[in-house]
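First to last, the sequence lines map onto chains A and B.
Heads up: the first sequence begins at 1 in the working numbering, then just goes up one per residue.
Heads up: the second sequence begins at 1001 in the working numbering, then just goes up one per residue.
Don't be surprised by glycine CBs; every beta carbon is placed ideally from N, CA and C.
Here is the structure we will look at, set down as structure tokens.
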Amino acid sequence: METQRLAAESVEAAPLPEAPQAPAAQADSQPKTRGRAIVVTSGKGGVGKTTTTANVGIALAARGARVVLIDADVGLRNLDLVLGLESRVRYHLLDVLEGRAELDDALIRDKRVPTLWLLAAAQNREKDDVETAAVQALIERLREAYDYVIVDSPAGIEMGFKNAIAGADEAIVVCTPEVAAVRDVDRVVGLLGNRVDVKLVVNRIRPALVRKGKMLSVDDVNSILRLPLLGVLGDAPDVIVATNRGEPVALDENAPIGAAYRAIAARIAGEDVPAPAAPDEPAGFLEKLGSLFGGRR
Amino acid sequence: MVEQVVQWFRKLFGGETSSSVAKDRLRLVLLSDHLALAPDVIEALRRDLLDVISRYVEVDEAHSDVSFEHKEAGIAMLASIPILAMRAREPQPEPAADAAEACSSAEETSILEAVSPNGRSDNYGRRPRKRRRRKASGASQTAPAQ
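This is the structure in structure tokens:
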């Protein structure tokens, strides 16, 4: 912890892009506590990192926190699309890091939830173009002005991942109930090391399949990973529909999955929300009867 | 209640669910991943093993090897430690010295047990007794007697 802080301070002087104070710092005259830097990662691709980042981020912002989301998936920009902000991207992370744009100009402010900002990824560049120390310094700066800096990590454990985790001291690992996802999360947790406070979100659980023994349960997954459980998310069609429209489902008061994302945000904020349970999906009589008489499980 | 009845019927009709297969496979593959990612732990284990065995017999350290084998039911540790000769028996120790000796050997054993990768492994690696014994005695046959 201490060494990390020291490292962050030492890079402050080096390749820090010249950018003005974030808007928050100007507005707030009273001294603020340092914001939290959280990376959302998983190892395996396609498990819902970006969707989780978008929804947890917007849910935290809807609670009144000042939140910056950083898309660190350089070359495969997507967080803007999930948030419905794609038409407003002018500058991206690398423009800021390389001094072509001011941080203020690159941060896109959400119109639905005005305490949410997005820093998009570069689309025409590669992950190796990013300098780890510069990202770290940028996150350090953002933490002075915002309550949460949430970094959407790319899949994999190479340079892009290393850049994404460099400035964070908390991590949300997203895992689906699949063998490959669990193995990759285990690996990623090993790479995050003891420096980072890691919590688990189990995504795309299908309770009906779990009951039939056709899908790993949350307990199965976590009996192997043994991580503090931050949230459990069902495999909900509402998420697909919301993403189609670019309207984060966490803002949808009527969708149960929206409530699940808001519960995660509340837990992150330190609220004592009841232990995450598997989404409710009561088994029908026929399903129960059918499971008695076998079938492929 | 209904769940319990369902569980009971499931047991009655037998058959492993694919999720329990997945869980078992994961447990094994992660243990094997952790072992592969912890060469320093394996080396410490090899050293400790050699230390303990050397108290009783003379071993060929250069040709000793500790490896792990993926078996169907678990992961087995295989220690191949060629034995060169018996150690000369020490004269019958005093009762006090005997107690001290027993104490120190107990310590060594506990160190061995504590070496588990990431603290996550359970009871794997307990099976290869037979093979280990065969290998060791085979080596001792070819080794020059003192």
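Looking only at Ala180/A, Val130/A, Leu83/A, the smallest Cα-Cα distance to Leu69/A is reached by Leu83/A.
In this structure, Arg226/A and Met215/A do not form a Cβ contact; the two beta carbons are roughly 20 Å apart against a cut-off of 8 Å.
In chain order, Lys44 place their CB closer than 8 Å to the CB of Ala180/A, counting only its own chain and leaving out the 5 sequence neighbours on each side.
Within the same chain, Cβ atoms closer than 7 Å to the Cβ of Thr50/A are found at Asn78, Leu79, Val82, Asp152, the five residues on either side in sequence being excluded. For Asp1051/B, the enclosing alpha helix (DSSP H) starts and ends at 1039-1054.
The bridge partners DSSP lists for Tyr91/A come to none. It is roughly 29 Å from the alpha-carbon of Lys162/A to the alpha-carbon of Gly234/A. Residues of chain A with a Cβ closer than 7 Å to the Cβ of Val1029/B are, in chain order, Arg183. Remark: C-beta atoms of Ile172/A and Thr52/A approach each other more closely than 8 Å. Apart from the 5 residues on each side of it in sequence, Ala155/A sits with its Cβ closer than 6 Å to the Cβ of Gly45 in its chain, given in chain order. Contact between Ala37/A and Tyr261/A does not hold, since their C-beta atoms are separated by about 20 Å, which reaches or exceeds 8 Å. The Cβ of Lys162/A sits no closer than 8 Å to any Cβ of chain B. Annotation: Val74/A to Arg141/A spans about 20 Å, alpha carbon to alpha carbon.
Within 10 angstroms of the beta-carbon of Thr41/A lie 16 or more other beta-carbons, which makes it buried.
Nearest to Asp71/A by alpha-carbon distance, out of Arg143/A, Ala164/A, Arg90/A, is Ala164/A. The C-beta distance from Leu191/A to Cys175/A rounds to 15 Å, too long to meet the 8 Å contact threshold.
Counted as a single uninterrupted DSSP element, the alpha helix (DSSP H) harbouring Thr53/A occupies residues 49-62.
Within the segment 168-192 of chain A, the residues whose Cβ lies closer than 9 Å to any Cβ of chain B are, in chain order, Pro177, Glu178, Val179, Val182, Arg183, Asp186, Arg187, Gly190. Residue-level contact by beta carbon fails for Gly156/A and chain B, as no gap is shorter than 8 Å.
Chain order gives no chain A residues near Asp1065/B, where near means a beta carbon separation below 9 Å; the closest approach is about 25 Å. Here Lys1071/B is exposed. Its C-beta has fewer than 16 other C-beta atoms within 10 Å. Contact note: Lys214/A reaches chain B through Thr1017, Ser1018, Ser1019, using a C-beta cutoff of 8 Å and chain order. For Leu1026/B, the nearest beta carbon of chain A is closer than 8 Å to its own beta carbon. The Cβ-Cβ distance between Gly35/A and Val149/A falls below 8 Å. Taking the CA atoms as reference points, Leu251/A sits about 36 Å from Ser1020/B.
Counting along the chain, Gly234/A sits inside the beta strand (DSSP E) bounded by residues 229-234. Contact between Asp1060/B and Leu1084/B holds: their C-beta atoms lie close to 5 Å from each other, under 8 Å. Within chain B, no residue has its beta carbon less than 9 Å from that of Asp95/A; the closest one is some 38 Å off. Cβ atoms of Val221/A and Pro276/A stay farther apart than 8 Å, at about 12 Å. Between Leu76/A and Val130/A, the beta carbon gap of about 13 Å keeps them out of contact (Cβ cut-off 8 Å). Assignment of Thr41/A by DSSP, reduced to helix, strand and coil, places it in the strand class.
For Ala1036/B, no chain A residue has a Cβ inside 7 Å of its Cβ, as the nearest lies near 11 Å away. Interface with chain A (8 Å Cβ-Cβ cutoff): Ala1022/B is included. Secondary structure in the segment 143-185 of chain A: the beta strand (DSSP E) runs of 3 residues or longer, each lying completely within the stretch, are 148-152, 170-175 in chain order.
Going by DSSP, Asn203/A is part of no alpha helix (DSSP H) but of the beta strand (DSSP E) stretching over 197-205.
CA-CA distance, Val1057/B to Ala1088/B, rounds to 9 Å.
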